[in-house]
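Counting in the working numbering, the sequence shown runs from 4 upward without gaps. Glycine included, every Cβ here is placed at the ideal spot set by N, Cα and C. All values reported here derive from a predicted model rather than from experimental measurement.
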Amino acid sequence: MYYIGIDVGGTNLVSGLVNEKGRILDKVSHPVDKAMTAEELCVELARLAKKVCEMGALDYSQIEAVGVGLPGVVDNGTGMVVQTPNMAFSNTPFRTLFQKEWNVPVFLANDANCAAVGEYWAGAAKGCDPAVVVTLGTGIGGGLVVGGKLFTGFANSGMEVGHMIIQPNGVLCGCGNRGCWEQYGSATALIRLTQLEMERTKDSVLWDLCEGDRFKVQGRTAFQGARLDDPAAKRVLHTYLQGLSIGIINLINILQPEIICLGGGISNAEDDLLLEPLRDLVLQGTFDKSRPTRLEKASLGNDAGVVGAALLCHMV
Ligand SMILES: [Zn+2]
4 MYYIGIDVGG TNLVSGLVNE KGRILDKVSH PVDKAMTAEE LCVELARLAK
54 KVCEMGALDY SQIEAVGVGL PGVVDNGTGM VVQTPNMAFS NTPFRTLFQK
104 EWNVPVFLAN DANCAAVGEY WAGAAKGCDP AVVVTLGTGI GGGLVVGGKL
154 FTGFANSGME VGHMIIQPNG VLCGCGNRGC WEQYGSATAL IRLTQLEMER
204 TKDSVLWDLC EGDRFKVQGR TAFQGARLDD PAAKRVLHTY LQGLSIGIIN
254 LINILQPEII CLGGGISNAE DDLLLEPLRD LVLQGTFDKS RPTRLEKASL
304 GNDAGVVGAA LLCHMV
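Structure below.
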């Protein structure tokens with residue numbers, strides 16, 4: 004059986020032909036034009052979907068389903084894209100528009116939910132239930148698989164783990180609330196913390212790592228500094244890991260998942276700087292310490308979104 008998964012990212016549209024094991028057989032990518040209308044986007048997505056089908060020498064009728072993952076609020080129940088950042092449209096009957104181009108079963112989900120399905124089906128969370136996948140990027144995305152199905156709440160668009168509030172009157176978030184987890188645990192937050200510490204510590208090696216330009220700080224800069232034993236970089240990571248751990252502790256105490264996988268660029272950091280200290284912090288805050296949740300790196304990288312979108316049909 005063959006499936007097609009499409010990941011609508013911030014810069015690229017990626018379409019992949021995927022088999023039932025969650026392996027990508029062919030993949031094609033095309034830059035996003037953010038000025039596109041929903042109709043134009045669906046025409047382009049259908050074209051990319053058909054293209055990977057042809058690359059795999061398959062007939063269109065051999066495709067079981069097409070799945071599309073987008074950032075934002077996506078309702079697979081109604082087939083609507085309620086709201087998606089980066090694109091100008093909202094409240095759009097996305098499934099209907101796609102099916103005008105190609106009449107095939109179409110499934111929709113938030114990109115973080117697709118990543119969770121991908122990791123559950125073919126990645127680090129394989130066989131674990133409940134499984135949570137947390138993606139550390141510009142914000143924090145999350146997805147939950149429970150009972151072999153994606154959990155998305157009554158309006159089919161949950162869950163927004165990045166906006167759980169971990170600090171009253173904390174840092175202002177783009178959503179309008181203060182103290183959201185993603186203001187403390189995302190890659191963006193780590194960059195902000197690194198820049199703040201650099202202002203306080205003019206002799207830090209962090210300045211050398213970004214060639215004296217604070218705007219060149221990246222998510223990995225603090226990890227590079229800590230590797231060089233820089234005290235300022237270590238302070239940054241200490242603060243960052245505390246914030247990151249609080250959201251993970253909350254997820255564990257509420258859901259008791261078998262595993263939490265961390266994805267996104269930050270998760271590429273070496274274990275002794277990220278995963279190992281994070282596991283210690285999380286265990287300290289876990290209520291039931293007798294059977295701790297496993298905390299692991301996601302394993303599919305950027306492919307998780309395509310694989311998960313492709314296999315959504317089995318998970319909703
Ligand atoms: Zn928020």
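Residue i beta carbon near ligand 1 (any heavy atom closer than 8 Å)
| i | result |
| --- | --- |
| N172 | no |
Cβ-based burial, residue i [other Cβ within 10 Å; buried from 16]
| i | result |
| --- | --- |
| P295 | exposed |
| V149 | exposed |
| D78 | buried |
| C45 | buried |
| S93 | exposed |
| G337 | With the chain covering 4 to 319 only, the question about residue 337 has no answer from this structure. |
| L298 | buried |
| Q287 | exposed |
| T40 | exposed |
| E200 | buried |
| E163 | buried |
| Q65 | exposed |
| F218 | exposed |
| G80 | exposed |
| T197 | buried |
| Y6 | buried |
| L51 | buried |
| Y123 | buried |
| G13 | exposed |
| D306 | buried |
| Y321 | Coverage of the chain is limited to positions 4 through 319, which leaves residue 321 absent and any answer about it impossible. |
| D206 | exposed |
| L147 | buried |
- Task: Could you tell me whether the region 93–100 touches the region 267–286, using the rule of 3 or more Cβ pairs below 8 Å?
- Result: No: the two stretches stay apart, fewer than three of their Cβ pairs being nearer than 8 Å.
- Message: Using only Cβ atoms and a threshold of 5 Å, which residues come within that distance of a heavy atom of ligand 1? Order them by chain position.
- Response: Every residue whose Cβ sits closer than 5 Å to any heavy atom of ligand 1 is listed here in chain order: H166, C176, C178, N180 and C183.
- Task: Could you say if the region 85–96 and the region 51–60 meet the contact criterion of at least three C-beta pairs nearer than 8 Å?
- Result: Verdict: no, contact absent.
- Evaluate the contact criterion for the region 30–37 versus the region 123–132: three or more CB pairs, one atom per stretch, below 8 Å. Contact between the region 30–37 and the region 123–132 is absent: fewer than three C-beta pairs spanning the two stretches fall below 8 Å.
- Could you tell me which uninterrupted beta strand (DSSP E) segments, each at least 3 residues in length, are contained entirely in the region 27–75, listed from first to last along the chain? As far as the region 27–75 is concerned, its whole beta strand (DSSP E) runs of at least 3 residues are 27–34 and 66–73.
- Contact between the region 185–200 and the region 225–244: three or more CB pairs below 8 Å? The way I'd put it, the region 185–200 does touch the region 225–244; three or more beta-carbon pairs between them come closer than 8 Å.
- Taking contact to mean at least 3 C-beta pairs separated by less than 8 Å, is the region 208–216 in contact with the region 153–171? Here the region 208–216 does not lie against the region 153–171, with fewer than 3 beta-carbon pairs under 8 Å apart.
- Task: Mind the definition here: the region 288–306 touches the region 252–266 only if three or more C-beta pairs lie below 8 Å; say whether that holds.
- Result: Contact between the region 288–306 and the region 252–266 is present: three or more C-beta pairs spanning the two stretches fall below 8 Å.
- Task: For the region 9–29 and the region 297–317, state whether three or more C-beta atom pairs, one from each stretch, are separated by less than 8 Å.
- Result: Touching, yes, given that three or more Cβ pairs across the two stretches are closer than 8 Å.
- Message: For the region 164–183 against the region 219–233, do three or more pairs of beta-carbon atoms, one drawn from each stretch, fall closer than 8 Å, so that the two count as touching?
- Response: Segments in contact, no.
- Along the chain, which unbroken stretches of the alpha helix (DSSP H) at least 4 residues long are found entirely within the region 167–246? Considered as a whole, the region 167–246 harbours 185–188, 190–203, 208–212 and 224–230 as its complete alpha helix (DSSP H) runs of no fewer than 4 residues, in chain order.
- Item | Complete beta strand (DSSP E) runs within the region 69–150 (minimum length 3 residues, chain order) | Correct list: 76–78, 83–86, 93–95, 109–113, 134–139 and 143–149.
- Message: Threshold first: 3 residues or longer. Then list the beta strand (DSSP E) segments lying entirely within the region 254–319, N to C.
- Response: Correct list: 262–266 and 297–300.
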